[in-house]
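Written below as structure tokens is the structure these notes are about.
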Amino acid sequence: MTLSGPVPKLAARPVNADVAICGKADRPSPSLVLAKDKGLANAVVWLEGAKGGALPKGPFSLDQKSCLFTPYVQVVSKGAPVVVRNSDAVLHNVHATTVAAAQIFNRAIPIKGQTFTETFSEPGVVRLKCDVHTWMTAWLFVADTPYAAVTDAEGRFSFPGVPPGTYRLKTWHELFGEKSQPVTVPASGAAKADVTLSLLDASN
Ligand SMILES: [Cu+2]
Numbered sequence: 000m001t002l003s004g005p006v007p008k009l010a011a012r013p014v015n016a017d018v019a020i021c022g023k024a025d026r027p028s029p030s031l032v033l034a035k036d037k038g039l040a041n042a043v044v045w046l047e048g049a050k051g052g053a054l055p056k057g058p059f060s061l062d063q064k065s066c067l068f069t070p071y072v073q074v075v076s077k078g079a080p081v082v083v084r085n086s087d088a089v090l091h092n093v094h095a096t097t098v099a100a101a102q103i104f105n106r107a108i109p110i111k112g113q114t115f116t117e118t119f120s121e122p123g124v125v126r127l128k129c130d131v132h133t134w135m136t137a138w139l140f141v142a143d144t145p146y147a148a149v150t151d152a153e154g155r156f157s158f159p160g161v162p163p164g165t166y167r168l169k170t171w172h173e174l175f176g177e178k179s180q181p182v183t184v185p186a187s188g189a190a191k192a193d194v195t196l197s198l199l200d201a202s203n
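For the sequence shown, the positions run 0 to 203 when numbering that gives the first Met the number 0 is used.
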């Protein structure tokens, strides 16, 4: 996954609450993480229409640590447990909505070491934020296919064990929205797919 064209400059996020715990320094925007060759991290990639394979059962983990969500973008399986932890000695909450801001849940998690478990029944993108600390945001992608991944720091992704066939390779990134392109997996060997995104065709 590669960004082409202009690279947007995103403003740092001020730390304006609980500075004794969270620190005073502005946090760099997590919304655009690029490798040197413009490989795009934190994009979700999935195959539409691929049958077979077991959906990972989890449990998946989401931490609030040093006043940031970790990981920033994660694929979780539909219906699988997601264990949310507060690793900080400060009150956080977890406010989950759809991209269109429809409420999924909103839970406070006040105590260091506290956890709660949620499951997500609707496939798609979930927006996470902590309302106490406005710089704290993150994303989940609720997948109903095992062939879903988040691009790594170099912008790479792979799905092992895809049955041969022709599928739609779908991608989502918070700045670029959703895109898709066809991909054919041969009967033997690997399929290779390159995805290029540009702000010029950003859909949201
Ligand atoms: Cu918080």
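Even for Gly, the Cβ is constructed at its ideal location relative to N, Cα and C.
Reference residue i; option with closest CA among the options
i	options	result
residue 185	166, 145, 176	166
residue 106	90, 98, 121	90
residue 74	174, 137, 8, 22	137
residue 173	42, 0, 10	42
residue 61	139, 168, 53	139
Residue burial classification, residue i (beta-carbon count within 10 angstroms, cutoff 16)
i	result
residue 112	exposed
residue 154	buried
residue 133	exposed
residue 170	buried
residue 5	exposed
residue 110	exposed
residue 147	buried
residue 127	buried
residue 8	exposed
Test item: CB-CB of residue i and residue j under 9 Å
i	j	result
residue 2	residue 37	yes
residue 98	residue 123	yes
residue 10	residue 28	yes
residue 198	residue 178	no
residue 44	residue 150	yes
Assigned secondary structure, residue i (DSSP; H/G/I helix, E/B strand, else coil)
i	result
residue 20	helix
residue 174	coil
residue 198	helix
residue 3	strand
residue 203	Annotation note: pLDDT 44 at residue 203 (below 50); position unreliable, no value reported.
residue 58	coil
residue 73	strand
residue 114	strand
residue 212	This structure gives no information on residue 212, because the portion of the chain shown stretches from 0 to 203.
residue 121	coil
residue 48	coil
residue 89	coil
residue 78	coil
residue 83	strand
residue 34	coil
Ligand 3 heavy atom lying under 8 Å from the CB of residue i
i	result
residue 0	Of the ligands one can find in the structure shown, namely ligand 1, none is ligand 3.
For the segment 137-195, list the beta strand (DSSP E) runs that are entirely contained and at least 3 residues long, ordered along the chain.
Within the segment 137-195, the complete beta strand (DSSP E) runs of at least 3 residues are 147-149, 164-172, 176-184.
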